[in-house]
Amino acid sequence: MSAGPGFGVYVHWPFCAAKCPYCDFNSHVRHTPPDQARYATAFAREIATTADRAPGRTVSSIFLGGGTPSLMEPATVGAILEAVAAHWTVAPDAEITLEANPSSVEADRFRGYRAAGVNRVSLGVQALNDADLRMLGRLHDVATARAAIEVARATFPRLSFDLIYARPGQSPDAWAAELGEALSLAADHLSLYQLTIEDGTPFAALHRAGKLVVPDDGAAAELYAATLDAMAAAGLPAYEISNHARPGAECQHNLVYWRYGEYAGIGPGAHGRLVLHDGRHATATERVPEAWLERVEARGDGLIVDDLLSAEEEGDEMLIMGLRLAEGIDMERYRAIAGRNLDPRQLSDLVRHGMIERTVDGRVRATRAGFFVLDAVVADLAA
96 MSAGPGFGVY
106 VHWPFCAAKC
116 PYCDFNSHVR
126 HTPPDQARYA
136 TAFAREIATT
146 ADRAPGRTVS
156 SIFLGGGTPS
166 LMEPATVGAI
176 LEAVAAHWTV
186 APDAEITLEA
196 NPSSVEADRF
206 RGYRAAGVNR
216 VSLGVQALND
226 ADLRMLGRLH
236 DVATARAAIE
246 VARATFPRLS
256 FDLIYARPGQ
266 SPDAWAAELG
276 EALSLAADHL
286 SLYQLTIEDG
296 TPFAALHRAG
306 KLVVPDDGAA
316 AELYAATLDA
326 MAAAGLPAYE
336 ISNHARPGAE
346 CQHNLVYWRY
356 GEYAGIGPGA
366 HGRLVLHDGR
376 HATATERVPE
386 AWLERVEARG
396 DGLIVDDLLS
406 AEEEGDEMLI
416 MGLRLAEGID
426 MERYRAIAGR
436 NLDPRQLSDL
446 VRHGMIERTV
456 DGRVRATRAG
466 FFVLDAVVAD
476 LAA
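Counting in this note's numbering, the sequence shown runs from 96 upward without gaps.
Structure (structure tokens):
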């Protein structure tokens with residue numbers, strides 16, 4: 096457990112080669128490649144403006160997310176990392192992650208990212224069978240994914256990859272076999288997400304029309320239970336509801352979020368939480384890349400949201416994020432941030448029902464049973 100949540104910098108590269116039918120992230124397909132030099136200059140300018148508002152920070156993690164950041168040239172990544180280092184102090188052991196899709200992995204480009212300072216890569220594998228990769232709209236096949244994992248493992252000190260479960264027709268046995276294959280690929284961190292149907296996506300339209308049937312809640316819970324058991328047995332227990340790692344290999348950037356730390360959101364559609372002179376601000380930037388670019392060039396940042404949070408809002412956010420973690424929430428810090436205690440009757444009721452437990456060091460955390468209904472647990476505690 097770290098002494099503090101740290102300070103992270105999230106940089107959003109919003110472009111993709113194709114839009115996946117399940118994805119509701121801020122990602123965009125452009126038939127004409129973006130002007131990377133122009134975007135790099137804009138990223139650097141927004142970093143400078145943000146550092147003026149929040150000076151003196153030591154950066155513990157940088158996360159290049161998307162979209163598909165592996166569509167960036169290494170020079171673009173290098174310019175962004177140089178801009179961060181020019182305006183804040185970057186810790187010597189800072190984790191610097193780049194998200195990549197297997198279809199956009201090239202060994203030379205990966206070596207360029209490593210030379211620029213990237214020390215961790217997160218691969219969007221999503222499935223380890225070709226039929227489901229096609230169904231998910233992915234541009235790679237399993238052979239390409241395996242090759243990308245091999246290149247990443249040879250290039251970076253740390254590797255994670257994502258898989259999606261609760262896919263149409265997926266059985267617990269098939270998922271267990273897929274997890275076994277994932278573990279054989281020697282990743283020390285796996286992000287394992289349940290397929291959810293998000294409003295406004297092609298999958299949502301297919302689901303409404305009855306053309307896409309996903310496992311029901313009971314079947315999905317069975318798959319989640321199998322996930323927890325398999326990963327714990329392999330020495331990669333869940334440190335967060337959907338993330339599994341060998342001890343010491345946890346994603347430090349995401350821990351900043353879940354421990355309710357401070358982070359700058361840079362790039363189109365990026366969100367941030369900055370602690371300024373008057374309190375914690377929730378920030379968000381313009382989502383449309385071209386509009387963000389023009390806004391940054393005109394005024395120095397792409398901010399469209401800059402809200403001062405109340406103590407109650409901060410407390411609720413800390414609950415939502417912190418209860419996702421196996422370590423739970425430090426109640427002394429919660430009281431300092433929220434200005435209140437949790438309702439003792441509500442807390443006792445959840446403990447009695449086996450959803451929450453209190454630890455000897457003063458933390459509150461969800462039990463394994465609580466993880467299965469975490470949204471309801473958080474709603475009860477926040478009430």
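Even glycine gets a Cβ: it sits at the ideal position worked out from N, Cα and C. Predicted model, so just to flag it, every value in this text is computed and none were measured.
Please classify residue i as buried or exposed, where buried requires at least 16 other C-beta atoms within 10 Å of its C-beta.
i, result
"H107", "buried"
"E357", "buried"
"P197", "buried"
"G219", "buried"
"G313", "exposed"
"L445", "buried"
"D130", "exposed"
"D402", "exposed"
"D268", "exposed"
"A240", "buried"
"V172", "buried"
How far does the alpha helix (DSSP H) with residue i in it reach, from first residue to last?
i, result
"H182", "169-182"
"G275", "267-279"
"V213", "From DSSP, V213 is part of no alpha helix (DSSP H); its letter is neither H nor E."
"L301", "297-303"
"T136", "131-148"
Of all the options the options, which has the alpha carbon lying nearest to the alpha carbon of residue i?
i, options, result
"V308", "A333, A261, W353, E389", "A261"
"A181", "E141, L231, A281, V246", "E141"
"A327", "A431, E201, R463, Q131", "R463"
"G449", "S165, G465, F110", "G465"
"V154", "M413, A135, A178, Y429", "A178"
"P263", "G305, F256, A281", "G305"
"P439", "G275, R453, R428", "R453"
"G397", "T127, D130, A143, K114", "A143"
"P252", "C346, R435, L476", "C346"
"S279", "L418, R303, G295, E245", "E245"
Would you give the residue range spanned by the beta strand (DSSP E) that residue i belongs to?
i, result
"Y334", "333-335"
"H284", "284-289"
"S155", "153-161"
"G103", "102-108"
Between residue i and residue j, how many whole angstroms is the CB-CB distance? I'm expecting something under 8 Å.
i, j, result
"E293", "D470", "In fact, because the Cβ distance is near 15 Å, the residues do not count as touching under 8 Å."
"G162", "F110", "5 Å"
"V104", "I157", "5 Å"
"A379", "I361", "Not a contact, Cβ separation roughly 12 Å."
"C165", "V200", "Per the sequence shown, residue 165 should be read as Ser rather than Cys. Correct: roughly 6 Å between the Cβ atoms."
Exercise for the section: Would you mind listing the alpha helix (DSSP H) stretches within the region 309-395 that are 4+ residues and don't spill past its ends, in chain order? Expected result: 312-328, 347-353, 384-394
Handout entry: Those runs of the alpha helix (DSSP H) which lie wholly inside the region 187-259 and span at least 4 residues
Key = 202-211, 225-230, 237-250
Practice task
Jot down the residue ranges of each uninterrupted alpha helix (DSSP H) in the region 382-468, minimum 4 residues, whole runs only, in chain order.
Solution key: Runs of the alpha helix (DSSP H) inside the region 382-468: 384-394, 406-417, 426-433, 439-447, 463-467.
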